[in-house]
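Residue 1 is where the sequence shown starts when you use this note's numbering, and the numbers rise one by one after that. Don't be surprised by glycine CBs; every beta carbon is placed ideally from N, CA and C. For reference, the structure is listed below as structure tokens.
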Amino acid sequence: MKSWILNILQTQKGPVSGEAMGKAFGCSRVAVHNQIRELRKMGYPIQAGPGGYSMEKDPDLLYPFGFPENEKRMQHFEETDSTMDAARKAAQNGAPHLFVVTCDRQIRGRGRLDRKWDSHAGGLYFTMILRPDTSPQDAYLFNFCASVTLARVLRTLYGIDARLKWPNDILAEGKKITGILSEMACDADRIHYLLIGIGVNVNNHLNTFSREGTSVSQITGKPGSRKAILSLFLDEYEDLIGKEGWKDIVSAWKTLSTTLGKEVVVQTHKETIEGLALDVDETAALLVQEKTGRIRKITYGDCFIRH
Ligand code: BTN
Numbered sequence: 001m002k003s004w005i006l007n008i009l010q011t012q013k014g015p016v017s018g019e020a021m022g023k024a025f026g027c028s029r030v031a032v033h034n035q036i037r038e039l040r041k042m043g044y045p046i047q048a049g050p051g052g053y054s055m056e057k058d059p060d061l062l063y064p065f066g067f068p069e070n071e072k073r074m075q076h077f078e079e080t081d082s083t084m085d086a087a088r089k090a091a092q093n094g095a096p097h098l099f100v101v102t103c104d105r106q107i108r109g110r111g112r113l114d115r116k117w118d119s120h121a122g123g124l125y126f127t128m129i130l131r132p133d134t135s136p137q138d139a140y141l142f143n144f145c146a147s148v149t150l151a152r153v154l155r156t157l158y159g160i161d162a163r164l165k166w167p168n169d170i171l172a173e174g175k176k177i178t179g180i181l182s183e184m185a186c187d188a189d190r191i192h193y194l195l196i197g198i199g200v201n202v203n204n205h206l207n208t209f210s211r212e213g214t215s216v217s218q219i220t221g222k223p224g225s226r227k228a229i230l231s232l233f234l235d236e237y238e239d240l241i242g243k244e245g246w247k248d249i250v251s252a253w254k255t256l257s258t259t260l261g262k263e264v265v266v267q268t269h270k271e272t273i274e275g276l277a278l279d280v281d282e283t284a285a286l287l288v289q290e291k292t293g294r295i296r297k298i299t300y301g302d303c304f305i306r307h
């Protein structure tokens with residue numbers, strides 16, 4: 001019912017009375033009023049006037065009922081430790097393929113290689129559960145799909161020249177605007193579930209990584225919409241993993257890449273590899289040509305571009 005009320009308030013030009021809403025929905029005016037009271041508590045700025053209820057500003061909230069098409073496969077927290085942990089719990093309890101856990105703030109948001117991910121209000125933080133019928137070796141490609149999709153979304157919605165840095169960062173004006181972290185539960189030949197966690201700097205203030213980070217609002221000079229980004233992302237991601245073959249995804253990634261053709265330093269758990277970023281192969285591994293001419297295939301690490 002909340003989703004229905006919001007839709008009415010967002011599409012009607014003038015105020016709508018509780019009685020009219022109740023009649024259309026088949027419930028009492030009091031039931032409508034109770035729902036409106038709950039919505040207000042959640043942060044929806046619904047006003048009551050002589051003509052009825054109205055809502056002029058979209059508060060950019062991420063409650064599942066705000067995404068009627070995906071409502072059943074979403075769970076939202078105002079605050080949680082990390083959406084990775086909440087999503088893992090949901091996956092262990094049987095949450096289906098493409099289930100999404102969102103939140104407004106994370107207490108212990110984490111990044112790749114055990115780093116902290118600043119997760120203040122205003123950013124978009126979510127983890128998607130995937131249950132693909134593929135081998136664990138293909139997991140990286142799902143991350144590639146996520147970075148390609150999100151870069152396309154930032155381009156479409158805000159005209160941001162979003163570029164991809166191997167393996168999964170999205171940069172805008174050379175600074176990080178999105179980070180992607182994936183975790184997986186699998187056996188040797190089967191993925192039980194894959195968690196893809198995405199943090200997008202939208203309207204959040206950037207502290208610890210402000211020199212390297214940027215946000216949608218910093219780039220466009222206007223607030224961005226977390227809801228619009230997530231909504232378009234979910235539609236496009238499902239389309240991309242369903243339609244295009246892996247080759248197409250790797251070539252879409254290459255088209256948006258800011259890594260290939262550059263001198264890079266890649267830090268892995270074991271060593272530091274320096275050289276020219278030649279290509280990514282069909283498994284999303286980075287091929288780096290060292291000074292000696294030797295070509296190294298790197299599947300995991302932190303990549304820095306030499307300027
Ligand atoms: C990185 O670039 O290091 C990856 C950052 C990933 C951050 C996201 S925010 C949502 C999800 N929950 C987390 O704790 N981390 C990921």
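Whole-Å CB distance - residue i paired with residue j, under 8 Å assumed
i	j	result
residue 237	residue 149	5 Å
residue 213	residue 206	5 Å
residue 225	residue 60	5 Å
residue 298	residue 289	With 8 Å as the limit, residue 298 and residue 289 do not qualify as a contact, their Cβ atoms being about 12 Å apart.
residue 219	residue 151	With a Cβ gap of about 13 Å, residue 219 and residue 151 do not count as contacting.
residue 255	residue 301	Rounded, the Cβ-Cβ distance is 22 Å, inconsistent with contact.
residue 200	residue 217	Their Cβ separation, rounded to whole angstroms, is 11 Å, which puts residue 200 and residue 217 out of contact at 8 Å.
beta-carbon residue i near the ligand BTN non-hydrogen atom, thresh 6 Å
i	result
residue 163	no
residue 84	yes
residue 127	yes
residue 117	yes
residue 195	no
residue 181	yes
residue 213	no
residue 110	yes
residue 310	No information on residue 310 is available, as it lies outside the stretch 1 to 307 that the chain covers here.
Assigned secondary structure, residue i (DSSP; H/G/I helix, E/B strand, else coil)
i	result
residue 145	helix
residue 36	helix
residue 128	strand
residue 13	coil
residue 108	coil
residue 46	coil
residue 133	coil
residue 296	strand
residue 118	coil
Closer than 7 Å to chain C by CB, residue i
i	result
residue 116	In summary, chain C is missing from the structure at hand, where a single protein chain is found.
> Using 8 Å as the threshold, is the region 256-264 in touch with the region 275-295, meaning 3 or more CB pairs across them?
Replying inline: yes
>> Please give the ranges of any beta strand (DSSP E) in the region 220-293, keeping only runs that are unbroken, at least 3 residues long and fully inside the region.
In response: 263-267, 272-280, 286-289
> Whole alpha helix (DSSP H) runs in the region 50-93 with 4 or more residues, listed along the chain?
Replying inline: 83-92
> What are the complete beta strand (DSSP E) segments, minimum 3 residues, inside the region 148-217?
Replying inline: 163-165, 169-172, 175-186, 191-200
> Counting pairs of beta carbons, one from the region 15-22 and one from the region 39-54, are three or more of them closer than 8 Å?
Replying inline: yes
> Any chance the region 137-147 sits against the region 115-122, with 3 or more Cβ pairs inside 8 Å?
Replying inline: no
> Given 8 Å as the limit, is there contact between the region 172-183 and the region 154-161, that is, 3 or more CB pairs closer than that?
Replying inline: yes
> Any chance the region 88-95 sits against the region 105-112, with 3 or more Cβ pairs inside 8 Å?
Replying inline: no
> Within the chosen definition, does the region 125-132 reach the region 180-198 through at least 3 CB pairs nearer than 8 Å?
Replying inline: yes
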